[in-house]
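Asker: Going down the list, the protein sequences come from chains A and B. When we follow our numbering, the leftmost residue of the first sequence carries the number 1, and every step to the right adds one. When we follow our numbering, the leftmost residue of the second sequence carries the number 113, and every step to the right adds one. A virtual CB, placed ideally from N, CA and C, is assigned to each residue, including glycine. Bear in mind the structure is a predicted one, so any value in this text is a computation, not a measurement. Have a look at the structure that comes next, please.
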Amino acid sequence: GEDVEQSLFLSVREGDSSVINCTYTDSSSTYLYWYKQEPGAGLQLLTYIFSNMDMKQDQRLTVLLNKKDKHLSLRIADTQTGDSAIYFCAERDNQAGTALIFGKGTTLSVSS
Amino acid sequence: KAGVTQTPRYLIKTRGQQVTLSCSPISGHRSVSWYQQTPGQGLQFLFEYFSETQRNKGNFPGRFSGRQFSNSRSEMNVSTLELGDSALYLCASSPDGPNQPQHFGDGTRLSIL
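Written out as structure tokens, the structure is:
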């Protein structure tokens, strides 16, 4: 079945770059998404990438997609304490229309 | 533009009761999806509504149901509540069209005693 895998924790120092990794299983996924969840809040859409792209950059965020390995990564440059949150990778469930399949989330902890 | 609004933010119920949660999508968005988030299972898709019709459904028992109104607002209902239904219920809306990104509300935290 379809599954999205992420490492559970990442700890970085303020000012460093953070790289959050994700693997997905459905090679026919057309869009892949990154969401951020802060304590007590819902999911905030950070960015998304179309499967015919290798890279997408948006200010401090860079998404890299390796379709051959079904690997997606999110790089946050100059990580700030305000970036501390849980980051979710998601792919579209092609068996169920618009439904998203989420990874378990990566908790990013930024220390000053 | 206002974001996705979910009410109430918090609910406490007891086993056997039923509950109704509400979601107002972003203006102009016609698709509304619901997800359940728990520490053990993570984020799981419940169902999606479009033009007042359920378009997709996840793998949840029939106690979980929903509906959508003509103004795209949606409600979900859970009957005969069980302890395991304690979760954060998230609503997401999107414009129609393939692969339009979903935008989420802050959720309703449901606690079952």
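1) Between G105/A and chain B, is there a C-beta pair that is closer than 8 Å?
2) With the cut-off set at 8 Å, would you say S205/B and V116/B are in Cβ contact?
3) Quick one: what's got a C-beta closer than 6 Å to L133/B's C-beta in the same chain, skipping five residues either side?
4) For F181/B, write down the residues that DSSP places opposite it in a beta bridge.
5) Would you please verify whether the beta carbon of G42/A is less than 8 Å from any beta carbon of chain B?
6) Use the C-beta contact count for E160/B: other C-beta atoms within 10 angstroms, 16 or more gives buried, fewer gives exposed.
7) With 16 other CB atoms within 10 Å as the buried threshold, where does F157/B fall?
8) For F181/B, count the other beta carbons within 10 Å of its own beta carbon; 16 or more makes it buried, fewer makes it exposed. Which is it?
9) Skipping 5 residues on each side, what residues in its chain have a beta carbon closer than 7 Å to that of E14/A?
10) Bridge partners for A90/A per DSSP, in chain order?
Answerer: In short:
1) yes
2) yes
3) M188, Y201, T220
4) Partner(s): none; F181/B has no beta bridge.
5) yes
6) buried
7) buried
8) With fewer than 16 neighbouring CB atoms inside 10 Å of its own CB, F181/B falls in the exposed class.
9) Closer than 7 Å at the Cβ level, and outside the excluded window around E14/A, lie T79, Q80, T81, V110, S111, S112.
10) Y33/A, F102/A
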